[in-house]
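Residue numbers (the numbering used here), protein chains in the order written: chain B, 5 to 120; chain F, 5 to 120.
For every residue, glycine included, the Cβ atom is placed at its ideal position computed from N, Cα and C.
Protein chains: 2
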Amino acid sequence: MDPRTELVFDKIAERLRSLADPMRLAILHLLQRGPMRVTDILAEVGGSQANVSKHLGILRQAGFVTCRREGVNVYYAVADETVFTICRAICEGIEKAAEQEREAIAQARALLETGR
Amino acid sequence: MDPRTELVFDKIAERLRSLADPMRLAILHLLQRGPMRVTDILAEVGGSQANVSKHLGILRQAGFVTCRREGVNVYYAVADETVFTICRAICEGIEKAAEQEREAIAQARALLETGR
DNA sequence: CCCAAATATTGGCAACCAATTATATTGCTG
DNA sequence: CAGCAATATAATTGGTTGCCAATATTTGGG
Numbered sequence: 005m006d007p008r009t010e011l012v013f014d015k016i017a018e019r020l021r022s023l024a025d026p027m028r029l030a031i032l033h034l035l036q037r038g039p040m041r042v043t044d045i046l047a048e049v050g051g052s053q054a055n056v057s058k059h060l061g062i063l064r065q066a067g068f069v070t071c072r073r074e075g076v077n078v079y080y081a082v083a084d085e086t087v088f089t090i091c092r093a094i095c096e097g098i099e100k101a102a103e104q105e106r107e108a109i110a111q112a113r114a115l116l117e118t119g120r
Numbered sequence: 005m006d007p008r009t010e011l012v013f014d015k016i017a018e019r020l021r022s023l024a025d026p027m028r029l030a031i032l033h034l035l036q037r038g039p040m041r042v043t044d045i046l047a048e049v050g051g052s053q054a055n056v057s058k059h060l061g062i063l064r065q066a067g068f069v070t071c072r073r074e075g076v077n078v079y080y081a082v083a084d085e086t087v088f089t090i091c092r093a094i095c096e097g098i099e100k101a102a103e104q105e106r107e108a109i110a111q112a113r114a115l116l117e118t119g120r
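Shown next, in the form of structure tokens:
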């Protein structure tokens, strides 16, 4: 495969990995309402301070959020709205998968009924 | 946090993880052209047969692809077009991030020039 | 029925990731 | 500048993931 193409896949995968964590998704969801201090994020998502800070660091390094210091507080904000596009697409996918599963179950049941 | 919301984030994260691998992305990219046999996928993406098979299994389990047997061959096909929406969004994000970085570098350089 | 080709599965190992605990940094206030 | 509150950064550890090698399964052909 073209090595440049391979690099692109590496980058996409890296970005997806930065996103693929429930707590990080929760944080992004929170920040959708507007910038927040770490303390407040912490209060909402729960977990240890160190952990939340680390997740914020990962999101920041990936460029999904930015932060700005105001005195003793640090405010985080969404820097890349495309994450929400991604989440919507994923959710669509989940809904489709659920529907397919429902259909499969219905078929299986029909099969059982027939065989009675 | 609402436990139901938490479950949603778990599901999204799980799905993202299934997607967050260069080889799996390469496979999906290949399959965009149409259904393919495992052997042909193998020839294009490289790597061991076992590895490709495992990645295909992960994609299948996540519902991103389906497979159908035809004699001795198994054809895989994209089952969920939303993955491409996701990839496009991610790519947009990468482009934005790159541009921001370029700007930051330009600013830093300007600062250095000024200080001469 | 046995062989060969296509595909899947398993076991082991190294790399990576996430959570925790402890420690460091930063900025305000008295 | 001492001390506190907010945040970030190690260091450790248990669990997960990816890769490889070997083995098993499935299917068509002789």
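Evaluate contact between the stretch 51 to 64 of chain F and the stretch 92 to 101 of chain F, counting only Cβ atoms and requiring at least three cross-stretch pairs below 8 Å. no
is_contact[F/Thr43, chain B] using C-beta, thresh 8 Å: no
DSSP beta-bridge partners for F/Ala81? F/Thr70
Does the separation of the CB atoms of F/Ile94 and B/Arg19 fall below 8 Å? yes
Taking the straight line between their C-alpha atoms, what separation do you get for F/Thr70 and F/Thr89? Taking the Cα positions, F/Thr70 is about 18 Å away from F/Thr89.
Please report the Cβ distance between B/Pro39 and B/Ala81, rounded to the nearest whole angstrom; I am assuming they are in contact, meaning their Cβ atoms lie under 8 Å. Yes, B/Pro39 and B/Ala81 are in contact; Cβ-Cβ is about 4 Å, under 8 Å.
What's the call for B/Thr86, buried or exposed, on a 16-neighbour Cβ count within 10 Å? Its Cβ being crowded by 16 or more others within 10 Å, B/Thr86 is buried.
First through last residue of the alpha helix (DSSP H) which encompasses B/Glu44: A small fix is needed here, since residue 44 of chain B is Asp in this sequence, not Glu. 42 to 49 is the span of the alpha helix (DSSP H), which, as asked, contains B/Asp44.
What does F/Glu10 reach in chain B if we use C-beta pairs closer than 9 Å? Pro26, Ala30
Integer-rounded CB distance, given that F/Val49 should sit under 8 Å from F/Val42: The pair is not a contact, with the Cβ atoms about 11 Å apart (cut-off 8 Å).
Limits of the alpha helix (DSSP H) - the one that B/Ala30 falls within: 26 to 35
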